[in-house]
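Student:
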Amino acid sequence: MQGNLNIRIGQGFDVHAFGEGDHVMLGGVRVPHAQGVVAHSDGDVVIHALCDAILGALALGDIGQHFPPSDPRWKGVDSSAFLRHCNALARERGWTLGNADLTVICERPKIGPHAQAMRETLAATLGVDIDAVSVKATTSERLGFTGRGEGIAAQAAVLLQSV
Numbered sequence: 001m002q003g004n005l006n007i008r009i010g011q012g013f014d015v016h017a018f019g020e021g022d023h024v025m026l027g028g029v030r031v032p033h034a035q036g037v038v039a040h041s042d043g044d045v046v047i048h049a050l051c052d053a054i055l056g057a058l059a060l061g062d063i064g065q066h067f068p069p070s071d072p073r074w075k076g077v078d079s080s081a082f083l084r085h086c087n088a089l090a091r092e093r094g095w096t097l098g099n100a101d102l103t104v105i106c107e108r109p110k111i112g113p114h115a116q117a118m119r120e121t122l123a124a125t126l127g128v129d130i131d132a133v134s135v136k137a138t139t140s141e142r143l144g145f146t147g148r149g150e151g152i153a154a155q156a157a158v159l160l161q162s163v
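Its first residue numbered 1, the sequence shown is counted upward by one per residue in full-length UniProt numbering.
1) Short of 7 Å in beta carbon distance, which residues of its chain neighbour V31, apart from the five on each side in sequence? Order them along the chain.
2) By Cβ distance below 8 Å, which residues in the same chain neighbour I105 in space, the five residues on each side in sequence not counted?
3) Grab me the residues of S41's own chain with a C-beta within less than 6 Å of its C-beta, minus the 5 sequence neighbours each way, in chain order.
4) On a Cα-Cα basis, can you pick out the residue from A53, F13 and V15 that is closest to N99?
5) Who are the near neighbours of R67 in its chain, counting only those whose CB is closer than 6 Å to its CB and skipping five residues on each side?
6) Over what stretch of residues does the alpha helix (DSSP H) that includes H85 continue unbroken?
7) Should G43 and E20 be called a contact, given that it needs their Cβ atoms to be closer than 8 Å?
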């Protein structure tokens, strides 16, 4: 086979346990909740999964390699900074986001009322049209740690296309 396909696909996953707090950050949006998350940064599982998907498509490792939790610089930081960095890495290498498909996995908080704001925030951060970003949610039918309300997870799939 000759030539390149000029696309790359990546997938990512992130999880955080619930802890003290009154909100969670999801897709760059502050979502009211009875708990926060235990995390080194702001614990935005949506952005963390999205970063891992972009880094995976670029074959550049994972978010922990770029922003190690052992580094005090990242304590409490807004995860949007991670996403801007990963997006810049893609652009520097001649890639742009074709689309991102994100799924939040939790029983609570309810994601539906915040999904559009997440799409808007993520699209603006990435510099793409909103129709390139999908945010949806599912429960785990009360099974496992998310089903018991012990934490929250997200998965992401991205398609990068050459510029």
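Think of the CB as a built atom: it goes at the ideal place given N, C-alpha and C, for glycine as much as any other residue.
Tutor: Taking the structure as given:
1) Correct list, in chain order: H23, V24, P109 and H114.
2) Close CB contacts of I105 within its chain, under the 8 Å cut and outside five residues either way in sequence, are with A137, T138, T139, S140, T146, I152, A153, A154 and Q155 (chain order).
3) Its chain contains W74, V77 and S79 as the residues whose beta carbon lies nearer than 6 Å to that of S41, once the 5 sequence neighbours on both sides are disregarded; these appear in chain order.
4) It is A53.
5) The sequence as given places Phe at residue 67; Arg does not occur at that position. Cβ within range, chain order: W74 and F82.
6) Start and end: S80 to E92.
7) Going by C-beta atoms, G43 is not nearer than 8 Å to E20.
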